[in-house]
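Here the structure is laid out as structure tokens; the discussion comes afterwards.
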Amino acid sequence: MNLVSTNDGTNTLYSVQFDECYHSTNDGALSETLQKHIIPAFTLVKPKEKITILDICYGLGYNTLATLYYCKLHKIDSKIEIISPEFDEELVRSLIDFEYPSEFDSLKEIIKELSEKFFYEDWQFKITIIIGDAREQLPKLSTKFDIIYQDAFSPKKNPALWSLEYFKLLYKLSSDEVIMTTYSSATPVRMGIWEAGFMLYNPPKSSVRSGTIASKSNLKLETIDMELKLTRNPNAKSLRD
Ligand SMILES: C[S@@+](CC[C@H](N)C(=O)[O-])C[C@H]1O[C@@H](n2cnc3c(N)ncnc32)[C@H](O)[C@@H]1O
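Given below as structure tokens:
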């Protein structure tokens, strides 16, 4: 695992196993996390007493930690429960020494607890890292999630977390008003999300132009018309296990 400095000055890692960085070096690790996941999700999610989040997958923990940072910054006082599968236990244990951006300085104790116990809880936040294969662990969950950060490695390198069968699993775990964010705009990915039953949208204009937002309900966003895409490209296919 090699440390990589990204364009916004924050650090990520390069995974030898997946031959890919954990974040876009162009966008920057923290910027990508906020722009592609946290800001669109919290702009669109309906305010609730308790918001449940599925973070696929924990990796360096940027999505989970930036959620805490964002909620504290914007004084969002909903209870937040985050569940995040991750099969690389050694990576999570090593994060106690990872050089995070200064935005996460106030989260040091939480980072320590998560890297040691894979669990953290206070009056507002409950975080559980499930050490194991997401495809084996997700079917065991009974939570209905309000937000899903779909942030696996690329479909080419991490196909098990982009297939139609996998998205059907996410559909079952989604609340009626779920907001799913992903950086991918690839047609086979969108086909899989759509065939699983989600509606697809372009990310809000204030956010990034690439990526996809998915939900079970109507959102005030530009719809992606998959029927039309399919008439234009009849060979478009979702990825399969
Ligand atoms: C792109 S990284 C996630 C980055 C993360 N969201 C962050 O903020 O740092 C993808 C992560 O998925 C994990 N992963 C890949 N396939 C998995 C699987 N089947 N089950 C559990 N974790 C998996 C990898 O170990 C890696 O940590």
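Counting from 1 along the sequence shown, just add 1 to a position and that's the residue number in my numbering. Idealized CB from N, CA, C, for every residue including glycine. Owing to the predicted nature of the structure, the values given are computational and were not obtained by experimental measurement.
Limits of the unbroken alpha helix (DSSP H) element including residue i
i: lysine 127; result: Looking at the DSSP string, lysine 127 is not in any alpha helix (DSSP H); the run it does join, the beta strand (DSSP E), is 126-132.
i: leucine 14; result: Where leucine 14 is concerned, there is no enclosing alpha helix (DSSP H), although the beta strand (DSSP E) it sits in stretches over 12-16.
i: alanine 193; result: It should be pointed out that residue 193 corresponds to glycine in this sequence rather than to alanine. Element bounds for glycine 193: 188-196.
Residue i, DSSP secondary structure in three states
i: valine 5; result: strand
i: isoleucine 77; result: coil
Host beta strand (DSSP E) of residue i (start-end)
i: isoleucine 40; result: No beta strand (DSSP E) contains isoleucine 40, which is instead part of the alpha helix (DSSP H) from 40-45.
i: serine 25; result: Serine 25 -> no beta strand (DSSP E), and no H or E assigned at all.
Outcome for residue i when other beta-carbon atoms lying within 10 angstroms are tallied against a minimum of 16
i: phenylalanine 146; result: buried
i: methionine 181; result: buried
i: aspartate 56; result: buried
i: valine 17; result: exposed
i: isoleucine 130; result: buried
i: phenylalanine 43; result: buried
i: tryptophan 195; result: buried
i: threonine 163; result: The sequence given here has tryptophan at residue 163, not threonine. Tryptophan 163 comes out buried.
i: asparagine 12; result: buried
i: arginine 241; result: exposed
i: methionine 2; result: exposed
i: leucine 35; result: buried
i: leucine 4; result: exposed
- request: Entirely within the stretch 200-235 and at least 4 residues each: give me those alpha helix (DSSP H) ranges in chain order.
  value: 227-233
- prompt: What alpha helix (DSSP H) runs, 4 residues minimum, are completely inside the stretch 109-177?
  reply: 109-118, 135-138 and 165-173
query: Taking the runs of the alpha helix (DSSP H) that are 4 residues or longer, which of them lie wholly in the stretch 48-95?
result: 63-74 and 90-95
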